[in-house]
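Only one structure is covered here, and it is reproduced in the block below.
Residue numbers (the numbering used here), protein chains in the order written: chain D, 1 to 129; chain C, 1001 to 1180.
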């Protein structure tokens, strides 16, 4: 029981971190010039941190949850890639990279959120039995 | 089961209380919320969706995406209206959504148990959300306490219609600064 509670808490924390990542990118997208570049560097580091947390937690999950987290991993890696591209780009290519980074971050939160739902549903089923 | 819900309130303040209550239910583990937004319809019938996207392209995309979702909550005919109205939502010029029901499909597809057409009247606000729920009771009970009316459509059915994704809903509780 304590193991399940612990992994649920881990997942909740990972989701909170992914939500913060999306918020940070969304806030950065509203800025202009040098300010956005500085924010993007921080976004890349934060995305790496969330990616590491997902990787560390994935082994303890059930199959349905694991599948969602693996999908989240791909999205988080895409966040890092597109944030890095945005730092190098300018003009329309820069805007496109920002939009893609935001979309990747949204997709990663969605997958982690689905992992949370899968985990909660599995726990709820076990409790009913 | 996974559903899109629209919770209709008679004023903005209650809609934000409803939004907060939804995320609280998630925090307790009663449901899982994947995304939310709040939509307002003013006394002249114009729609406004909460967004913090200041970039014109992103703001317009949010309007189009949420407009399509509103239309889809109303049924297939509404989806077409919603997609068209979505641009108007983003541009702040209004649109007409939520006019139809989906009675034929309700008979032939897996649907949420109390699936009903979504209609937002002038002066009303609605919390739109993508949720996973094992029972409809937690949301129904809490929203009723707050004066909200809950409408549901099955996530699976709406995604079959392929008009939209839920990517324009905020994956966390977002309240515009003006409403704090």
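C-beta: ideal position from N, C-alpha, C; glycine also.
| message | Please tell me whether residue 1025 of chain C and residue 1142 of chain C are closer than 8 Å, where the distance is taken between their beta carbons. | response | Against a cut-off of 8 Å, the Cβ pair of residue 1142 of chain C and residue 1025 of chain C comes out as a contact.
| request: Answer yes or no: do residue 1126 of chain C and residue 1015 of chain C have a C-beta to C-beta separation smaller than 8 Å? | output: The Cβ-Cβ distance between residue 1126 of chain C and residue 1015 of chain C falls below 8 Å.
| field | Buried or exposed (CB count within 10 angstroms, at least 16 for buried), residue 1130 of chain C | value | Residue 1130 of chain C comes out buried.
| said: I believe residue 54 of chain D touches residue 76 of chain D by the beta-carbon criterion, under 8 Å. Please report the beta-carbon distance rounded to the nearest angstrom. | reply: Yes, residue 54 of chain D and residue 76 of chain D are in contact; Cβ-Cβ is about 7 Å, under 8 Å.
| field | Interface partners of residue 114 of chain D on chain C, CB under 9 Å | value | The answer, in chain order, is 1002, 1032, 1034 and 1132.
| query | Which bits of chain D does residue 1052 of chain C rub up against, with CB to CB less than 8 Å? | reply | The contacting residues are 26, 27 and 30.
| request: Count the CB pairs spanning the segment 1132-1150 of chain C and the segment 76-87 of chain D that are closer than 8 Å, and state whether there are at least three. | output: The segment 1132-1150 of chain C vs the segment 76-87 of chain D: no contact.
| task | With DSSP as the reference, please indicate the residues paired to residue 1002 of chain C in a beta bridge. | result | Per DSSP, the beta-bridge partners of residue 1002 of chain C are C:1132.
| message | Only counting the same chain, and skipping five residues up and downstream in sequence, which positions put a Cβ closer than 8 Å to that of residue 16 of chain D? | response | Answer for residue 16 of chain D: no residue qualifies.
| Supposed contact pair residue 18 of chain D and residue 109 of chain D - C-beta distance, whole angstroms, cut 8 Å | At roughly 5 Å, the Cβ-Cβ gap stays under 8 Å, so residue 109 of chain D and residue 18 of chain D are in contact.
| field | Within chain C, the residues that residue 109 of chain D reaches when beta carbons sit closer than 7 Å | value | Counting only Cβ-Cβ distances below 7 Å, residue 109 of chain D has contacts in chain C at 1171, in chain order.
| message | Within 8 Å of any Cβ in chain C, is that where the Cβ of residue 103 of chain D sits? | response | In terms of beta-carbon proximity, residue 103 of chain D lines the interface with chain C, with at least one pair separated by less than 8 Å.
| Which residues in the same chain as residue 1017 of chain C place their Cβ atom closer than 7 Å to its Cβ, once the five residues preceding and following it in sequence are excluded? | Short of 7 Å from the beta carbon of residue 1017 of chain C, and not among the five residues preceding or following it, lie these beta carbons of its own chain, in chain order: 1146.
| message | Is the separation between the beta-carbon of residue 1012 of chain C and that of residue 1154 of chain C shorter than 8 Å? | response | No, the pair does not count as a contact, with Cβ atoms beyond the cut-off.
| Whole beta strand (DSSP E) runs in the segment 65-113 of chain D with 3 or more residues, listed along the chain? | DSSP runs (the beta strand (DSSP E)) wholly in the segment 65-113 of chain D: none.
| message | Could you check whether the Cβ of residue 1167 of chain C sits closer than 8 Å to any Cβ belonging to chain D? | response | In terms of beta-carbon proximity, residue 1167 of chain C lines the interface with chain D, with at least one pair separated by less than 8 Å.
| said: Against chain D, does residue 1067 of chain C count as a neighbour if the rule is that its beta carbon must be under 8 Å from one of theirs? | reply: Not a single CB atom of chain D sits nearer than 8 Å to the CB of residue 1067 of chain C.
| 8 Å Cβ cutoff, residue 22 of chain D in contact with chain C | Yes, residue 22 of chain D lies at the interface with chain C (some Cβ there is under 8 Å from its Cβ).
| field | residue 114 of chain D versus residue 1046 of chain C: straight-line alpha-carbon distance, rounded | value | Whole-angstrom Cα-Cα distance: 33 Å.
| Using a C-beta to C-beta distance shorter than 7 Å, which residues of chain D count as neighbours of residue 1029 of chain C? | The contacting residues are 120.
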